[in-house]
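Beneath this line is the structure, given in structure tokens, with notes to follow.
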Ligand SMILES: Cc1cc2nc3c(=O)[nH]c(=O)nc-3n(C[C@H](O)[C@H](O)[C@H](O)COP(=O)(O)O)c2cc1C
């Protein structure tokens, strides 16, 4: 059984993280969801907690059950760090090393393989700032999977930006785990 840290950002696709959490949990993995404060506007922590069977962490103030802060404790036990969906803002924080919230702090403390699954409007994805941030992550050895090449976006347009499909996310995460933990 592997420990999966599942980061969730403030994107309309955040509800799909619940399905990913459910599928990984049912596959026998220990899934810990870590939400940005904005993600909580898009998906209820109760949903993620119930499907992952673990408390959801979204603020430093909630990190009370251990003297080691939860974002450090989770970073130490993670076998994979996946962000579903990853917003342009969080990708920028990861790339630049900004740590304003639990998820971005955990990114810095983590040494497990990193899988980033972006979802955003096409223009946001194609902006040179986002592309430069993505290149920084790739150079560092993080994996960036997606967004999907084409599809209808929540903003009403069509183009690149959709989160890749849930089954493919689950399969990428499982492939990133050490074989002994599968
Ligand atoms: C309805 C709505 C949908 C949004 N969807 C996305 C999205 O898919 N991707 C994205 O990068 N930002 C999206 N945003 C903007 C982010 O929520 C915003 O940039 C926020 O600061 C992200 O914070 P976080 O990265 O800390 O979660 C959306 C905003 C709204 C109001």
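Residue numbers (our numbering): 30 to 211. Even glycine gets a Cβ: it sits at the ideal position worked out from N, Cα and C. Quantities reported herein were computed from a predicted structural model and do not represent experimental measurements.
DSSP places residue 79 in the uninterrupted alpha helix (DSSP H) bounded by 74 to 81. Judged by DSSP in its simplified three-state form, residue 186 adopts coil rather than helix or strand. Here DSSP, grouped into helix, strand and coil, assigns residue 174 to coil.
At the C-beta level, residue 72 and residue 135 stay beyond 9 Å of one another. Between residue 35 and residue 61, the gap from beta carbon to beta carbon is short of 9 Å. Rounded to the nearest angstrom, the gap between the Cα atoms of residue 159 and residue 127 is 15 Å. Following the DSSP letters along the chain, one finds residue 112 inside the beta strand (DSSP E) bounded by residues 109 to 115.
When the beta-carbon positions are compared, residue 75 and residue 37 stay at least 9 Å from each other.
When the beta-carbon positions are compared, residue 124 and residue 146 stay at least 9 Å from each other. For ligand 1, the residues with a Cβ under 5 Å from any of its heavy atoms are, in chain order, 38, 39, 40, 41, 65, 67, 116, 117, 118, 119, 148 and 149.
Under the DSSP assignment, residue 97 falls outside any beta strand (DSSP E); it carries neither an H nor an E label.
Following the DSSP letters along the chain, one finds residue 201 inside the alpha helix (DSSP H) bounded by residues 195 to 205.
Note on geometry: alpha-carbon atoms of residue 32 and residue 103 lie some 9 Å from one another. The Cβ atoms of residue 193 and residue 170 lie no closer than 9 Å to each other. The alpha-carbon separation between residue 189 and residue 120 amounts to approximately 17 Å. Annotation for residue 147: the continuous beta strand (DSSP E) segment containing it runs 143 to 147. Per DSSP, the continuous alpha helix (DSSP H) segment holding residue 155 begins and ends at 151 to 155.
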